[in-house]
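A.B. asks: Under my numbering, the first residue of the sequence shown is numbered 157, with each subsequent residue one higher.
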Amino acid sequence: EEQKSVLLKSSSQFPIPPDVKFSYGTSGFRADALLLESTVFRAGILAALRSIKTRSMIGLMMTASHNKISDNGIKIADPSGGMLTQQWEPFADALANAPDSDRLLQLIVEFAEKENIKFDGDFRPEILLGRDTRPSGESLLEAAKQGIHSIVGSVGSDMGVVTTPQLHWMVRARNKGMKGSELEYFEQLSSSFRCLVDLIPGGSKTDSAENKLIVDGAHGVGGEKLDSLMKLLDGLNIEVRNSGKGTGILNEGVGADFVQKEKVVPDNFDSNDIGKRCASLDGDADRLVYFTVPSADSSKIDLVDGDKILSLFALYIKEQLSLLSTTGAEDNSYKPHLGVVQTAYANGASTDYLKGLGLEVALTPTGVKYLHEKAAEYDIGIYFEANGHGTILFSERFLSWLEDKNKELASASEGSQQQKAALRLLAVSKLINQAVGDALSVLLLVEAILQHKGWSIQYWNGLYQDLPSKQIKVIVKDRTAVVTTNAETQVASPQGIQEAINSETAKYPWGRSFIRPSGTEDVIRVYAEASTQDAADSLASSVAKLVD
Ligand code: NG1
Ligand code: ZN
157 EEQKSVLLKS SSQFPIPPDV KFSYGTSGFR ADALLLESTV FRAGILAALR SIKTRSMIGL
217 MMTASHNKIS DNGIKIADPS GGMLTQQWEP FADALANAPD SDRLLQLIVE FAEKENIKFD
277 GDFRPEILLG RDTRPSGESL LEAAKQGIHS IVGSVGSDMG VVTTPQLHWM VRARNKGMKG
337 SELEYFEQLS SSFRCLVDLI PGGSKTDSAE NKLIVDGAHG VGGEKLDSLM KLLDGLNIEV
397 RNSGKGTGIL NEGVGADFVQ KEKVVPDNFD SNDIGKRCAS LDGDADRLVY FTVPSADSSK
457 IDLVDGDKIL SLFALYIKEQ LSLLSTTGAE DNSYKPHLGV VQTAYANGAS TDYLKGLGLE
517 VALTPTGVKY LHEKAAEYDI GIYFEANGHG TILFSERFLS WLEDKNKELA SASEGSQQQK
577 AALRLLAVSK LINQAVGDAL SVLLLVEAIL QHKGWSIQYW NGLYQDLPSK QIKVIVKDRT
637 AVVTTNAETQ VASPQGIQEA INSETAKYPW GRSFIRPSGT EDVIRVYAEA STQDAADSLA
697 SSVAKLVD
């Protein structure tokens, strides 16, 4: 009928490029921006179908995160603000690769039937669109809108240039009946930050100019958003560099990925910054790492990575939980379950540290969707990838228990240690993005905790010493030949490789090594750690030879 002809007509304007295979990987579709029009158009269709199916608002974010400026990508946000359900990924792949309009239409009809999606017009599908600062974002936005409109009755609302976590937050907020505007996002973050600072024992200390935080914005969207956020904050002294307003190029020699992988100072940082507290956002501001410049002798930095952010958060949350459970043994029927989630890339020293705190540590395969899913199993689940992507999830059950507890304490022992702990945990749950890892909210929580504890970045970094580590990429004919198990820590096939890795690793004190096929690049990644840098390098290169 009408719907079919609309779809055929509009899709014929977006032919797929020859000889490319698209795959909805760990981070949505990602490619050179020039190849992406048809993919983005089709993602618009998919988002509209997902909106009808879930009777909720859906998000479409155009970004290639830390990748180079000529790339772009598209991710779909589900009603909760999290990533698109994994069950729909095969359909996303099939849509993106359909050779022509007829095949595309056929796929949609079949899928709609299977998923019982009805185009009866009694629900108006709505899609929130966001994009990072990449110049290709504007034309891709048009393609996405065309895709959305090709499902009759669907509307797309353009949120403009936003960070990835902002868009996810907005989708989640709107589906919960909030306004979900950018201002509301800024207000929620700044008021919960203020609340944490007000609850610091002995009162909040206004940051002195010397103690300011210097943030590398990766020449992307994050720096500008951080500037807007700071207008609503006082008691926090931040200088933003590489804000995106200057001449630098997005992610080139700057940003969280560069800093974490290369371990050298980003552009516009130098020996004048020795000892200062510095941080780097990635291009779409969903990752954050801290660092310091230790000396003028080299451009090397001391990295404070996602594992250390996780450790700081875990320590703080654990302390608040124990304050909460101290006095009054009458209400110990419910014991909140705190868990932390890491991947095999987490530094071994961080895992030992967390276990030493008595925490339960779970390991998942690489990719935020796996970590997020696992963290959601706990009352409070903290997850981070070493590269600085992560957040803290609070279960609905825990939050409603905490609200009640707080009310009860407010009438029985207003202002007690116990009640303050309840208030802090409530503030953290509002500050930290519940949809997805968010560099801006993570940054505010790190700053609040450092102020609370009166810690310098050096003291924080000294919680434990990272084991020296090394990562290598090996280009192979077929990366899918390597199949892993046990959260990617072991090779299941080809036969014999795991034994060989074991015998190499056994030669090194504190040795640990694993290989896995990348989900975003056509390579096998090799990771090794050992007691010295030379040993880690040598272990990595001997394991790399096993796959070559
Ligand atoms: P792959 O290419 O699958 O290793 C990389 C990162 C992930 C995640 C994704 C998505 C490493 C070792 N891997 O995945 O952590 O961030 O990109 O962007 O950093
Ligand atoms: Zn990112």
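Where a beta carbon is used, it is the ideal one built from N, C-alpha and C, also for glycine.
Computed from a predicted structure; not experimentally measured.
Could you tell me the distance, in whole angstroms, from the CA atom of G400 to the CA atom of Q590?
C.D. replies: Their backbone Cα atoms lie some 27 Å apart in a straight line.
A.B. asks: Any chance the region 556-564 sits against the region 203-219, with 3 or more Cβ pairs inside 8 Å?
C.D. replies: Taking 8 Å as the limit for Cβ pairs, the verdict is that the region 203-219 does not touch the region 556-564.
A.B. asks: Less than 7 Å between the CB of D461 and some heavy atom of ligand 2, yes or no?
C.D. replies: False, no ligand heavy atom lies under 7 Å from that Cβ.
A.B. asks: May I ask you to verify whether the region 178-187 touches the region 268-284, counting CB pairs closer than 8 Å and requiring at least 3?
C.D. replies: Not touching, per the Cβ criterion.
A.B. asks: Residue ranges of each beta strand (DSSP E) run of no fewer than 3 residues wholly in the region 469-530, ordered along the chain?
C.D. replies: Taking only runs of at least 3 residues, the beta strand (DSSP E) segments lying wholly in the region 469-530 are 494-498, 516-519.
A.B. asks: Opposite M217 in the DSSP bridges: which residues?
C.D. replies: Looking at the DSSP assignment, M217 forms a beta bridge with K231, G286.
A.B. asks: Pairing CB atoms from the region 351-358 with CB atoms from the region 375-384, are three or more of them under 8 Å?
C.D. replies: As far as the Cβ criterion goes, the region 351-358 does not touch the region 375-384, which means the pair count is below three.
A.B. asks: Say yes only if the C-beta of S436 is nearer than 7 Å to one or more non-hydrogen atoms of ligand 1, and no if none qualify.
C.D. replies: It does not: the Cβ of S436 is nowhere closer than 7 Å to a heavy atom of ligand 1.
A.B. asks: If D438 sits next to N617, beta carbons under 8 Å apart, how far is it from one beta carbon to the other, in whole angstroms?
C.D. replies: The pair is not a contact, with the Cβ atoms about 20 Å apart (cut-off 8 Å).
A.B. asks: Counting C-beta neighbours from all protein chains within 10 Å, is the total for T448 16 or more, i.e. buried, or is it exposed?
C.D. replies: Per the 10 Å Cβ criterion, buried.
A.B. asks: Report the three-state DSSP secondary structure of G359 (helix, strand or coil).
C.D. replies: Residue state, collapsed to three classes: coil.
A.B. asks: Three or more C-beta pairs closer than 8 Å, one from the region 424-444 and one from the region 468-480: is that the case here?
C.D. replies: These segments do not touch.
A.B. asks: So, using beta-carbon positions, are S306 and L163 closer together than 8 Å?
C.D. replies: Yes. Within cutoff.
A.B. asks: Would you mind reading off the limits of the beta strand (DSSP E) that contains P171?
C.D. replies: Note, P171: premise wrong, no beta strand (DSSP E); not H, not E.
A.B. asks: By the 10 Å Cβ neighbour count, where 16 or more other Cβ atoms means buried, how is D453 classified, buried or exposed?
C.D. replies: Result: exposed.
A.B. asks: Taking just the CA atoms, how far does S569 sit from A485?
C.D. replies: Reliability of the predicted coordinates at A485 is poor, the pLDDT of 49 falling under 50, and no value is obtained from them.
A.B. asks: Using DSSP with H/G/I as helix, E/B as strand and the rest coil, what is V421?
C.D. replies: The answer is coil: DSSP assigns V421 none of H, G, I, E or B.
A.B. asks: Along the chain, where does the alpha helix (DSSP H) containing I605 start, and where does it finish?
C.D. replies: 595-609 is the span of the alpha helix (DSSP H), which, as asked, contains I605.
A.B. asks: Give a yes or no on whether the minimum CB-CB distance between I613 and chain D is below 8 Å.
C.D. replies: This model lacks chain D altogether, as it is built from one protein chain only.
A.B. asks: Considering only C-alpha positions, which residue in the set P291, A299, G303, R328 is nearest to V317?
C.D. replies: When each option's Cα is compared against that of V317, the closest is P291.
A.B. asks: Which first and last residues belong to the alpha helix (DSSP H) in which K209 is found?
C.D. replies: 193-210 is the span of the alpha helix (DSSP H), which, as asked, contains K209.
A.B. asks: Roughly how many angstroms separate the alpha carbons of P246 and P450, rounded to a whole number?
C.D. replies: Taking the straight line from one Cα to the other gives about 47 Å.
A.B. asks: Can you confirm whether the region 679-689 touches the region 623-633 when touching is taken to mean that 3 or more C-beta pairs between the two stretches lie within less than 8 Å?
C.D. replies: Contact holds: three or more Cβ-Cβ distances are below 8 Å.
A.B. asks: Quick one: is the Cβ of E541 within less than 7 Å of any heavy atom of ligand 1?
C.D. replies: Yes, the Cβ of E541 comes within 7 Å of a heavy atom of ligand 1.
A.B. asks: Taking DSSP's pairing of strands, which residues face L397 in a bridge?
C.D. replies: The residue you asked about is not Leu; residue 397 is Arg in the sequence shown. Looking at the DSSP assignment, R397 forms a beta bridge with D372.
A.B. asks: Going by Cα to Cα distance, which pick from A643, V647, S506 is closest to R635?
C.D. replies: Here the closest residue by C-alpha is V647.
A.B. asks: Closer than 6 Å by C-beta to S310: which residues in its own chain qualify, once you throw out the five before and the five after it? Chain order, please.
C.D. replies: Closer than 6 Å at Cβ, skipping near neighbours: A204, P281, I304.
A.B. asks: Determine the direct distance from the alpha carbon of F540 to that of L297, and round the result to whole angstroms.
C.D. replies: Roughly 30 Å between the two C-alpha positions.
A.B. asks: Check E685 in the structure and name its three-state DSSP category.
C.D. replies: Three-state result, E685: strand.
A.B. asks: Which residues in the same chain as S698 place their Cβ atom closer than 6 Å to its Cβ, once the five residues preceding and following it in sequence are excluded?
C.D. replies: These residues qualify, in order along the chain: E660.
A.B. asks: According to DSSP, simplified to helix, strand and coil, what is A696?
C.D. replies: The answer is helix: DSSP assigns A696 an H, G or I state.
A.B. asks: In whole angstroms, give me the CA-to-CA distance for S585 and N253.
C.D. replies: Cα to Cα, the separation comes out at about 40 Å.
A.B. asks: Evaluate the contact criterion for the region 649-666 versus the region 509-529: three or more CB pairs, one atom per stretch, below 8 Å.
C.D. replies: Counting Cβ pairs under 8 Å, fewer than three are found: no touch.
A.B. asks: Round the Cβ separation of T210 and P235 to the nearest angstrom and send it over; I've been treating them as touching at under 8 Å.
C.D. replies: That belief holds up - the Cβ atoms of T210 and P235 are roughly 5 Å apart, short of 8 Å.
A.B. asks: Residue range of the alpha helix (DSSP H) that V584 falls in?
C.D. replies: Start and end: 573-587.
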